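Heads up, the thing below is written out as structure tokens.
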Amino acid sequence: MQKTRFSDTPCPVARSLDRVGEWWSILILRDAFQGLSKFDEFQQSLGISPTLLARRLKDLVAHGILHKQRYQTRPVRYQYLLTERGNDFLPVLAALSQWGNRHLIDGDISALLVDGRTDRPIQVQLINVETQQQVPPQFITLAPGPAANDGIRQRAELMRQRRLADLSELTKEQS
Numbered sequence: 004m005q006k007t008r009f010s011d012t013p014c015p016v017a018r019s020l021d022r023v024g025e026w027w028s029i030l031i032l033r034d035a036f037q038g039l040s041k042f043d044e045f046q047q048s049l050g051i052s053p054t055l056l057a058r059r060l061k062d063l064v065a066h067g068i069l070h071k072q073r074y075q076t077r078p079v080r081y082q083y084l085l086t087e088r089g090n091d092f093l094p095v096l097a098a099l100s101q102w103g104n105r106h107l108i109d110g111d112i113s114a115l116l117v118d119g120r121t122d123r124p125i126q127v128q129l130i131n132v133e134t135q136q137q138v139p140p141q142f143i144t145l146a147p148g149p150a151a152n153d154g155i156r157q158r159a160e161l162m163r164q165r166r167l168a169d170l171s172e173l174t175k176e177q178s
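Note that our numbering has the sequence shown beginning at 4, numbered continuously upward.
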């Protein structure tokens, strides 16, 4: 069965999932953020087969998320380092970690992300770029960008109408 590809879709979420949505890729990126860079380190951490790991690393390099750099000549060995594009994935991993800790834990949290300078927990927040204020989920909606096609524009308009209806209902309930 052939995998559905989303690389040409106008939706940024679908395109992103096409690049890194496979769980091994996300776990490789998690490990890269934690300082792992060598094939053996990834394999030991993940318990992944060498063939599958090689394939995932090759894909991440091909998509510019990791950079392959030789660190040994005899035998030839490479390390895999995060690129700028790879580093930009950190908020996604942080959001997954935060969501997992909030919704998938029975008991105490096993790991959380902290500010390395203070050891205080960090969290992902959605911030209004202009006001620097946190935006509650009920106020977040989709806006078409300059390259939006008709499908994106229709989806954005539908979301806007639903948000307005929800806010109107909320206002009526509060009156």
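C-beta: ideal position from N, C-alpha, C; glycine also.
These numbers come from a predicted model, not from an experiment.
Chain-order list of residues whose beta-carbon lies under 6 Å from that of residue i (same chain, five-residue window excluded)
i	result
Ala-97	Leu-116, Val-127
Gln-101	Gln-126, Val-127
Gly-89	Ile-68, Leu-69
Arg-33	Leu-96
Spatial neighbours of residue i in its chain, beta-carbon cut-off 8 Å, leaving aside the 5 residues before and after
i	result
Leu-60	Ile-31, Phe-42, Phe-45, Leu-69, Lys-71, Tyr-83
Ala-146	Ala-159
Trp-27	Leu-49, Ile-51, Leu-55, Leu-56, Arg-59
Met-162	Thr-144, Leu-145
Pro-13	Ala-150, Ala-151, Asn-152, Gly-154, Ile-155
Cut-off 7 Å between Cβ atoms - residues of its own chain near residue i, not counting five sequence neighbours on either side
i	result
Ile-143	Leu-129
Thr-86	Gly-67, Ile-68, Leu-69, His-70
Inter-residue spacing [alpha-carbon to alpha-carbon] between residue i and residue j
i	j	result
Leu-99	Val-16	14 Å
Val-79	Arg-73	7 Å
Leu-170	Gly-103	29 Å
Pro-124	Ile-112	12 Å
Val-23	Arg-156	25 Å
Leu-20	Val-64	16 Å
Thr-174	Glu-133	26 Å
Asn-131	Val-138	6 Å
Gln-135	Gln-75	46 Å
Ala-35	Arg-165	40 Å
Leu-167	Asp-109	37 Å
Glu-172	Gln-47	53 Å
Glu-25	Ser-40	19 Å
Glu-176	His-106	29 Å
Tyr-81	Ala-114	29 Å
Phe-92	Arg-77	33 Å
Ile-29	Asp-122	24 Å
DSSP bridge partner residues for residue i (one or two, in chain order)
i	result
His-70	Leu-84
Thr-12	DSSP lists no partner for Thr-12.
Gln-75	Arg-80
Worksheet item: Any chance the segment 42-58 sits against the segment 116-124, with 3 or more Cβ pairs inside 8 Å?
Response: no
Item to complete: At 3 residues or longer, and completely inside the segment 92-175: list those beta strand (DSSP E) runs for me, N to C.
Response: none
Worksheet item: Where in the segment 30-62 do unbroken runs of the beta strand (DSSP E), each at least 3 residues long, occur, reported from the N-terminal end onward?
Response: Within the segment 30-62, no complete beta strand (DSSP E) run reaches 3 residues.
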